[in-house]
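Quick note on my numbering: the sequence shown kicks off at 7 and runs consecutively. Note sheet for the following structure.
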Amino acid sequence: MLEPCVNQAAGLQSLALQKVPRLIAVTSHGQQQGELPLLWGLCTSWVSMGLSVMVLDGHTGETRANPGLAQLLSNPLDRPTEDDTPVAWSVIPAAQGLDSLSPHGFFASPVGDLLQSYGVVLVYADASRMTQLLKGCALTPLLVVPPAQSAALTAYKALKQLLVDGQLRPTVANIVMDTSPMTPIPLSSPAQTVMDCARHYLGYSIKPLIVTASARADRSQDDITRLAMQLLESAVPLERKPIERVH
């Protein structure tokens with residue numbers, strides 16, 4: 007029974023040894039209170055696997071006092087080198103920088119070279135930015151559906167935009183409250199609504215992954231770790247591109 011876990015762990019360890027950053031995306035849809043705790047939990051899991059993580063925050067704009075991706079693109083010589091030891095987990099503002107990459111897409115950009123010393127590059131942005139940056143690629147952006155009733159409409163709109171405009175097939179995670187340790191946890195009402203609407207209006211079937219919000223830290227972390235592994239395995243390598251100054 008342990009063999010699949012051992013094989014999976016070995017595969018993840020080999021990823022940790024690779025120098026090419028791996029791109030993961032988390033799509034926001036106005037439910038940051040439900041998204042951010044899971045996002046931080048995922049980053050903690052990757053760091054515990056030995057991977058350094060760079061989060062590009064598409065919700066925060068770069069400024070002179072708080073520089074981020076835009077400044078890094080404009081001044082590529084300031085990028086970390088292979089000899090630098092990256093901070094285990096960094097978050098930088100990236101709204102302007104991501105917008106500057108949109109006309110050509112993320113994979114035509116030099117981000118893979120600029121952030122070569124990191125193991126995971128995570129883009130956290132809304133569905134509109136995701137469709138422009140990642141259109142038609144093999145990446146499966148994470149879409150989080152928290153238990154709040156208002157999440158059903160916003161999550162469905164984001165799902166539709168990713169599918170129709172971006173030709174992207176997201177991974178859907180449903181956050182549910184753990185009320186009983188003895189019974190299986192069903193999907194939340196918002197997640198069920200998203201699933202039903204996707205099947206009825208888009209002809210698209212989704213099977214949300216359940217992430218338990220539990221007083222038992224071990225149960226919550228087990229779900230988050232499984233999701234972190236799945237996202238890492240489906241991540242896309244960021245190959246190096248020639249660095250050109252972005253104006």
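A virtual CB, placed ideally from N, CA and C, is assigned to each residue, including glycine.
Alpha-carbon to alpha-carbon, residue j and residue i
i      : j      : result
Ser194 : Leu215 : 11 Å
Val127 : Ser115 : 13 Å
Trp52  : Leu140 : 22 Å
Arg232 : Pro196 : 22 Å
His253 : Ala219 : Confidence in His253 is poor, its pLDDT being 46 and thus under 50, which makes the residue's placement unreliable; the coordinate value appears in the next sentence. Spanning the two alpha carbons is a distance of roughly 44 Å.
Met183 : Gly64  : 28 Å
Pro243 : Arg70  : 30 Å
His206 : Lys166 : 12 Å
Thr146 : Ala241 : 8 Å
Leu57  : Ala157 : 31 Å
Gly209 : Ala234 : 28 Å
Ala164 : Ser123 : 31 Å
Pro99  : Met201 : 32 Å
Gln19  : Met55  : Bear in mind that the predicted position of Gln19 carries a pLDDT of just 47, short of 50, making it unreliable; the figure below should be weighed with that in mind. Cα to Cα, the separation comes out at about 7 Å.
Leu75  : Asp105 : 10 Å
Arg254 : Asp228 : Only positions 7 to 253 of the chain appear in this structure, which leaves residue 254 out of reach.
Leu78  : Val150 : 29 Å
Those residues which DSSP pairs with residue i across a bridge
i      : result
Ala179 : Val150, Leu215
Residue i, DSSP secondary structure in three states
i      : result
Thr69  : coil
Val12  : Its pLDDT being 38, under 50, Val12 is placed unreliably in this model, and the value from its coordinates should be taken loosely. Val12: helix per DSSP, three-state reduction.
Leu128 : strand
Ala31  : strand
Pro43  : helix
Ser240 : coil
Ser80  : helix
Val97  : strand
Cys49  : helix
Ala161 : helix
Tyr207 : helix
Ser226 : helix
Leu156 : The amino acid at residue 156 is misidentified as Leu; the sequence shows Ser. Coil at Ser156, not helix or strand.
Ala144 : coil
Met201 : helix
Leu75  : helix
Met235 : helix
Gln38  : helix
Gly103 : helix
Ser54  : helix
Min CB distance residue i to chain D below 7 Å
i      : result
Arg232 : Annotation note: the requested chain D is absent from the structure, which comprises a single protein chain.
Enclosing alpha helix (DSSP H) for residue i [first to last residue]
i      : result
Ser194 : It is not in any alpha helix (DSSP H) - Ser194 carries neither H nor E in the DSSP assignment.
Leu168 : Where Leu168 is concerned, there is no enclosing alpha helix (DSSP H), given that its DSSP letter is neither H nor E.
Asp119 : 117-120
Met136 : 133-140
Extent of the continuous beta strand (DSSP E) run through residue i
i     : result
Asp63 : 59-63
Would you check if the region 107-125 and the region 39-48 touch, i.e. whether three or more CB-CB distances between them fall below 8 Å?
no
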